[in-house]
Amino acid sequence: MKKEYLDKIMDADLVLIGIGSEFEKLRYRCEEKAIEALNELNDLLNGKNYFVITTCTNNILKESGFRNDRIVSPCGNLEVKQCTKACKGSLQELTDEEIQHIRKRADSDGEFHLGVCAVCGAPMTLNNVYTSEYDEEGYLNDWKMYTKWLQGTLNKKLCVLELGVDMTFPNIIRWPFEKVAFYNQKATFIRVNEKLYHMSEELKDKGIAVNKQSIDWITENDI
Ligand SMILES: [Zn+2]
């Protein structure tokens, strides 16, 4: 990361990070270079008070070593399965075997065999936003931690880092981040994106728009 950006992160008391589709070329697997970039970012954040939110469903935040109590994946991730009929109480953790199975099958027909619901006997499926009856209970606890953390950013020196987020789910990262940066007088907002890097009119004074692929942005340096 270039020093001018790193300085802004280091200068902040709190860092809010959004990780988007540039880190999710694959829905159920993580690209090595994406994990490496986020590992690097995680190292830079050592000792910082941060929270990371992602729209990715491939478990990338966990695989990159971010703290479990500082991440939220509202679109679901590769950890939990649910009943296809979304029975209450059907959520179950995926076993390592099942995760391997999903990652393998995703390359071919994408049909997963994850057993049946203990409540109603219907087939189980992945607990994510691409499931027709998405059970949002799966990320609720993490979401509560996230909103509580966000409340604590008011009037604090906040650096908002939006990395490679597209417009597929704008109400999860893009719009809320703009709002947080707009209302916090001490906020800096850095938007990095290969295509959708433009800054809104309201944020042009405190926002920095970077026209770059965000994995490259993290891993580039001044030397
Ligand atoms: Zn069921």
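Mapped onto the numbering used here, the consecutive letters of the sequence shown carry residue numbers 422 to 644.
Built from N, CA and C at the ideal position, the CB exists for glycine as well.
Just to confirm before moving on: does the CB-CB distance between residue i and residue j stay below 7 angstroms?
{"i": "F583", "j": "F598", "result": "Looking at the sequence shown, residue 583 is not Phe but Glu. Yes."}
{"i": "Y471", "j": "I523", "result": "no"}
{"i": "K607", "j": "K627", "result": "no"}
{"i": "C580", "j": "K469", "result": "no"}
{"i": "Y555", "j": "P495", "result": "no"}
{"i": "D587", "j": "L617", "result": "yes"}
{"i": "T505", "j": "A543", "result": "yes"}
Is residue i near ligand 1 - that is, is its Cβ less than 6 angstroms away from at least one heavy atom of it?
{"i": "S511", "result": "yes"}
{"i": "V540", "result": "yes"}
{"i": "K506", "result": "yes"}
{"i": "A543", "result": "yes"}
Between residue i and residue j, what straight-line distance do the alpha-carbon atoms span, to the nearest angstrom?
{"i": "N614", "j": "V631", "result": "6 angstroms"}
{"i": "V473", "j": "M545", "result": "28 angstroms"}
{"i": "D464", "j": "D434", "result": "16 angstroms"}
{"i": "R526", "j": "R488", "result": "29 angstroms"}
{"i": "Y459", "j": "T475", "result": "With the sequence shown as reference, residue 459 is identified as Leu, and Tyr is not the correct amino acid for it. Answer to the nearest angstrom: the Cα atoms are 12 angstroms apart."}
{"i": "T516", "j": "K625", "result": "46 angstroms"}
{"i": "Y426", "j": "Y567", "result": "24 angstroms"}
{"i": "K669", "j": "T640", "result": "Nothing can be reported for residue 669: it is not among the residues displayed for the chain, which extend from 422 to 644."}
{"i": "N576", "j": "V601", "result": "11 angstroms"}
Classify residue i as helix, strand or coil using the three-state DSSP reduction.
{"i": "A602", "result": "helix"}
{"i": "N467", "result": "coil"}
{"i": "M422", "result": "coil"}
{"i": "E532", "result": "coil"}
{"i": "M431", "result": "helix"}
{"i": "G559", "result": "helix"}
{"i": "E514", "result": "strand"}
{"i": "M588", "result": "coil"}
{"i": "F487", "result": "coil"}
Using a Cβ-based criterion (distance less than 6 angstroms to any ligand heavy atom), does residue i qualify as near ligand 2?
{"i": "Y426", "result": "Ligand 2 is absent from the structure shown, which contains only ligand 1."}
Original post:
Along the chain, which unbroken stretches of the alpha helix (DSSP H) at least 4 residues long are found entirely within the segment 593–643?
Top reply: Whole alpha helix (DSSP H) segments, 4+ residues: 595–604, 635–640.
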